[in-house]
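Residue numbers (the working numbering): 1 to 141. Cβ atoms here follow ideal geometry from the backbone N, Cα and C, with glycine treated the same way. These numbers come from a predicted model, not from an experiment. Shown next, in structure tokens, is the structure this report addresses.
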Amino acid sequence: SIHGTHICGDSVDIVGDTVLAGSWRPEKQLQTYDFHTTEMLKEIEWAPSDDGRREATLVYAARFGGDRNQYIAAGGSCGDEAKVFDTTTGALIGGVKLPGAIYSLDFAPSGRYVAFAGANFGIEIADLAKKMPSKATKSEA
1 SIHGTHICGD SVDIVGDTVL AGSWRPEKQL QTYDFHTTEM LKEIEWAPSD DGRREATLVY
61 AARFGGDRNQ YIAAGGSCGD EAKVFDTTTG ALIGGVKLPG AIYSLDFAPS GRYVAFAGAN
121 FGIEIADLAK KMPSKATKSE A
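Structural data, given as structure tokens:
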């Protein structure tokens with residue numbers, strides 16, 4: 001068992017031998033774990049946005065994605081941010097502040113786009129080739 005997480009949404013994902021957990025808390029929101037040993041592999045730092053409020057985002061949704069699962073996307077409430085990180089390094093690829101909480105997300109089959117859905121804004125589609133926000137056409141996804 002993996003202990004110490006605070007799961008409040010669809011924020012658990014497994015790829016190969018790696019488990020991703022997104023927690024609804026103001027710090028230590030994203031971790032990866034070894035599936036077999038349950039030991040933590042990496043803690044991904046989620047710095048608050050520079051919007052003046054500096055409010056932490058509490059994660060509701062997180063998943064691996066990209067054509068080789070090279071990304072981790074996550075989003076949540078309070079800070080109302082959606083971010084994408086490099087799976088290997090934990091480096092921030094891009095992020096966007098949205099007008100409400102993010103409750104769900106998914107990657108397009110190509111891995112180029114990620115959709116974030118939530119309160120007060122519907123669905124926002126981000127283009128990872130452009131380091132985030134963009135509108136995708138159906139044929140590109």
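Test item: CB-CB of residue i and residue j under 8 Å
i, j, result
"Gly75", "Ala91", "no"
"Thr38", "Ile2", "yes"
"Asp80", "Ser110", "no"
"Thr87", "Phe64", "yes"
"Ser104", "Asp10", "yes"
"Leu41", "Ile72", "no"
"Val12", "Ala21", "yes"
"Val96", "Ala82", "yes"
"Arg112", "Leu98", "no"
Start and end residues, beta strand (DSSP E) containing residue i
i, result
"Ile93", "92-97"
"Ser104", "102-107"
"Gly122", "122-127"
"Asp13", "12-15"
In DSSP terms, what residue i is bridged to
i, result
"Ala73", "Arg63, Val84"
"Leu30", "Gly22, Ile44"
"Gly4", "Answer is none; Gly4 lacks a bridge partner."
"Gly118", "Ile102, Gly122"
"Thr57", "Cys78"
8 Å Cβ cutoff, residue i in contact with chain C
i, result
"Met40", "Protein chain content of the structure displayed is limited to a single chain, and chain C is not contained in it."
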